[in-house]
Amino acid sequence: MMVIKAESLVKIYHNGVKALKGVNFEVKEGRIFAVLGPNGAGKTTLLKCMLGMIKPTDGSISVFGKTPFPDGVKNASFVPEGKNLYEWLKISKMVDIFASFAPNFSFSRFEGMAKRFSLKLDGKVGELSQGNRTKLYVSLAFAQDVNLYVLDEPTWGLDPIVRHEVLSLVKESVLEGKTVVYSSHILSEVEEVCDDLIILKEGELLYNGTLDDLKEKKKTTLSNAFLSLVKGDSL
Amino acid sequence: MKKEWKMLQIRFIVLLVVMISSAVVVVLTRNFAIGALNSPEIQQYIKNSSKIASIVGKISTNFTYYSFSQWFGKSYIQLVAIFAIILSSSSFSKEFSKKTIYLIASRMTRWQVYISKNSIGWIAFSIIVISGGIGYLIAAQLAGYHLQPSQVLSWTFTSTIGGLLLYQIGMYLSLLFKDQMKPLVVGIAIYIGLYITSFVREIKFLNVFSYMAQDEVLFGKGVNIFSTFVALGIFAVIFVCGYFQFKFKDL
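Note that the protein sequences, when read in sequence, are chains A and B.
Residue numbers for the first sequence follow my numbering, so the first one is 1 and each next one is one higher.
Residue numbers for the second sequence follow my numbering, so the first one is 1 and each next one is one higher.
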């Protein structure tokens with residue numbers, strides 16, 4: 001089953017920046033789909049389009065068969081690049097408040113995540129280190145029992161042990177039938193978890209296919225294949 | 001709703017305390033104010049103006065007039081306007097500037113986000129405004145002054161409606177900007193502009209402050225119903241425009 005389908009997706013911002021220039025791709029159910037690209041490639045714009053946070057200028061995108069803009073996708077959980085939470089709240093209060101509006105939130109799932117990531121729930125959100133903030137955000141997002149997880153740099157600031165736990169969590173989610181969209185600059189991580197991927201550069205699609213196909217065609221690792229494509233080499 | 005209340009909680013409590021304290025202070029300082037007005041220096045200054053002398057005389061002898069000139073027609077509506085911009089201006093802009101909008105936007109519909117922010121704000125703001133009117137009445141009764149409850153309720157009602165209109169302007173401005181200072185500055189500029197309209201006959205009707213502090217109520221007439229419907233109509237238009245602004249906004 002198709003979870004996300006984008007056809008000729010274009011996004012031009014009010015300041016004239018063309019962030020996406022006619023992107024086509026499909027995300028299948030139960031797969032880990034990576035969105036890769038150098039800075040300014042349009043990755044975050046694409047994730048925002050998937051979640052209905054911005055309106056495509058042209059083309060279309062559907063998630064679970066519906067247009068996500070403007071009301072979002074209730075059956076999805078998002079970890080943005082910034083990991084911004086309410087700084088002035090106590091962590092336990094932040095969890096309560098998140099639970100009050102996040103669909104399908106489970107406290108028992110959250111407790112499981114927090115334990116797994118060794119996340120302490122004392123103190124205020126504003127006192128958390130970057131790594132602990134990422135742990136909290138990922139725990140909140142995965143405490144939602146939804147069918148699609150959209151993760152933008154979900155291991156930002158994490159130590160290798162917790163990073164490994166997050167990647168394991170992503171793989172386990174797929175085994176439960178969930179779909180994951182994963183964006184990261186750490187290509188070794190992406191190579192470890194992803195099934196399918198797209199590579200963007202300046203809003204244009206350089207590659208759309210499986211990880212295995214890419215590695216097979218380029219006869220090298222994902223990192224080298226990525227660098228080669230971004231530099232302008234053909235497949 | 002829970003989140004919105006938590007975001008407003010501290011400001012609500014502080015503004016509620018300031019509003020009630022101000023009302024009580026105006027009642028309790030009446031004798032001091034009258035003493036000051038009747039001092040030889042002031043009397044010497046106003047003796048050549050029969051109009052000012054008449055006003056000072058009414059403030060000194062008529063508690064209802066004192067209440068209007070010092071609270072319901074002055075400090076009260078000034079506080080209502082200031083509190084409207086304080087409560088509303090950062091409502092959306094703070095979520096944009098701190099990027100916490102990404103936490104809520106995909107998990108709630110735009111309507112849910114918009115209505116929860118607005119409705120909690122309306123309730124909190126209305127409680128503060130009403131407490132200023134009712135608090136003044138109670139303080140006056142406890143201090144032994146006679147004040148018609150119907151007049152107090154009329155001014156409280158018009159100040160609440162006018163204040164909600166100012167609040168809604170602030171909410172709309174907070175949707176337009178991604179930092180917290182601009183809505184505050186632009187909001188204050190608009191409020192000053194609305195006040196200045198009272199000096200130009202052709203656009204005097206735009207002065208929401210004269211609606212809030214209706215002198216017809218002082219003279220025993222009721223609330224101006226037409227003006228009330230006009231204020232509510234403009235409030236509704238700004239609310240609907242704000243919703244569509246938010247609904248189609250790139251976050």
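Here a beta-carbon is modelled for each residue, glycine too, at the ideal position from N, C-alpha and C.
Can you tell me whether DSSP reads Ser54 of chain B as helix, strand or coil? Reading the second sequence from its first residue, position 54 is the one you call residue 54 of chain B. Ser54 of chain B: helix per DSSP, three-state reduction.
Counted within 10 angstroms of its Cβ, other Cβ atoms place Tyr102 of chain B as buried (16 or more) or exposed: Counted from its first residue, the second sequence places residue 102 of chain B at position 102. Result: buried.
With DSSP run on the structure shown, which of helix, strand or coil describes Thr160 of chain B? Reading the second sequence from its first residue, position 160 is the one you call residue 160 of chain B. Note: Thr160 of chain B maps to helix in three-state DSSP.
Between the region 209-225 of chain A and the region 47-58 of chain A, do at least 3 Cβ pairs fall closer than 8 Å? no
Residues of chain A with CB closer than 7 Å to the CB of Ala36 of chain B, please, in chain order. Within the second sequence, residue 36 of chain B is the residue found at index 36, counting from 1. What Ala36 of chain B touches in chain A: nothing, since even the nearest Cβ is about 43 Å away.
Which runs of the alpha helix (DSSP H), 4 residues or longer, sit entirely within the region 120-145 of chain A? 130-142
Neighbour-count burial assignment, Gln9 of chain B, 16 or more Cβ in a 10 Å radius: Against the second sequence, residue 9 of chain B aligns to sequence position 9. Label assigned to Gln9 of chain B: exposed.
Can you tell me whether Ile199 of chain A is helix, strand or coil according to DSSP? As a working note, residue 199 of chain A is residue 199 in the first sequence. Looking at Ile199 of chain A - three-state DSSP - the assignment turns out to be strand.
What does the alpha-carbon distance come out to for the pair Val113 of chain B and Thr156 of chain B? In the second sequence, counting from the first residue as 1, residue 113 of chain B sits at position 113. In the second sequence, counting from the first residue as 1, residue 156 of chain B sits at position 156. Spanning the two alpha carbons is a distance of roughly 29 Å.
Please tell me whether, using a cut-off of 8 Å, the distance from the CB of Thr210 of chain A to the nearest non-hydrogen atom of the ligand ATP is below it. What this structure holds is no ligand at all, so the ligand ATP is not there to describe.
What is the C-beta distance between Gln180 of chain B and Ser90 of chain B, in whole angstroms, given that I count them as a contact (C-beta under 8 Å)? Taking the second sequence and counting its residues from 1, one reaches residue 180 of chain B at position 180. Taking the second sequence and counting its residues from 1, one reaches residue 90 of chain B at position 90. Gln180 of chain B to Ser90 of chain B, Cβ: 5 Å. Contact.
Contacting positions in the region 97-130 of chain B - beta carbon closer than 7 Å to chain A: Lys98, Lys99, Thr100, Tyr102, Leu103, Ile104, Ala105, Ser106, Arg107, Met108, Thr109, Arg110
Listed from N- to C-terminal order along the chain, which residues in the region 49-63 of chain A have their beta-carbon within a distance smaller than 7 Å of any beta-carbon of chain B? Leu51, Gly52, Met53, Ile54, Lys55
Pull out every residue of the region 95-114 of chain A whose Cβ sits closer than 7 Å to any Cβ of chain B, in chain order. The region 95-114 of chain A vs chain B, Cβ under 7 Å: Ile97, Ser100, Phe101, Ala102, Pro103.
Closer than 9 Å, CB to CB, is Asp250 of chain B near chain A or not? Against the second sequence, residue 250 of chain B aligns to sequence position 250. Closer than 9 Å: yes.
DSSP has Thr179 of chain A in a bridge; who is on the other side? Within the first sequence, the letter at position 179 stands for residue 179 of chain A. Partner(s): A:Leu148.
Pick from A:Met113, A:Gly112, A:Leu136, A:Leu169 that is closest to Gly123 of chain A, judged by C-alpha positions: Taking the first residue of the first sequence as 1, we reach residue 123 of chain A at position 123. Comparing Cα-Cα distances from Gly123 of chain A to each of A:Met113, A:Gly112, A:Leu136, A:Leu169, the minimum goes to A:Leu136.
Mark Trp71 of chain B as exposed unless 16 or more other C-beta atoms lie within 10 angstroms of its C-beta, in which case mark it buried. Position 71 of the second sequence, counted from the start, is the residue given in the question as residue 71 of chain B. Label assigned to Trp71 of chain B: buried.
Is Val180 of chain A closer than 9 Å to Ile32 of chain A when the C-beta atoms are compared? As a first step, residue 32 of chain A must be located in the first sequence, where it is residue number 32. As a first step, residue 180 of chain A must be located in the first sequence, where it is residue number 180. In this structure, Val180 of chain A lies closer than 9 Å to Ile32 of chain A by Cβ.
Secondary structure of Ser118 of chain A, DSSP reduced to three states: Here residue 118 of chain A is taken as the residue at index 118 of the first sequence, counted from 1. It is coil, neither helix nor strand.
Looking at the C-beta of Ala143 of chain A, does it have a partner C-beta in chain B at a distance below 9 Å? Locating residue 143 of chain A in the first sequence gives position 143, where the first residue counts as 1. Not closer than 9 Å to any Cβ of chain B, the Cβ of Ala143 of chain A fails to qualify, so no.
Measure the Cβ-Cβ separation of Ser22 of chain B and Ser75 of chain B and say whether it is below 9 Å. Within the second sequence, residue 22 of chain B is the residue found at index 22, counting from 1. Within the second sequence, residue 75 of chain B is the residue found at index 75, counting from 1. Taking 9 Å as the Cβ cut-off, Ser22 of chain B and Ser75 of chain B qualify as a contacting pair.
Could you tell me whether the Cβ of Lys178 of chain B comes closer than 9 Å to any Cβ of chain A? Mapped onto the second sequence, residue 178 of chain B falls at position 178. No, no contact with chain A.
Look at the Cβ atom of Cys49 of chain A, then the Cβ atom of Leu85 of chain A, and state whether they are nearer than 9 Å. Numbered from its first residue, the first sequence carries residue 49 of chain A at position 49. Numbered from its first residue, the first sequence carries residue 85 of chain A at position 85. Their beta carbons are not under 9 Å apart, which means Cys49 of chain A does not touch Leu85 of chain A by this criterion.
Note down, in chain order, every chain B residue with its Cβ under 7 Å from the Cβ of Pro70 of chain A. For the purposes of this step, residue 70 of chain A is taken as residue 70 along the first sequence, with counting starting at 1. Those are Arg110, Lys247, Phe248, listed as they occur along chain B.
N-terminal and C-terminal residue of the alpha helix (DSSP H) that Asp212 of chain A is part of: Your numbering for residue 212 of chain A matches position 212 in the first sequence. Run containing Asp212 of chain A: 211-218, per the alpha helix (DSSP H) assignment.
Just reading off the beta strand (DSSP E) that Ile12 of chain A is part of, what are its end residues? Walking along the first sequence from the start, residue 12 of chain A turns up at place 12. Here the beta strand (DSSP E) through Ile12 of chain A covers 2-12.
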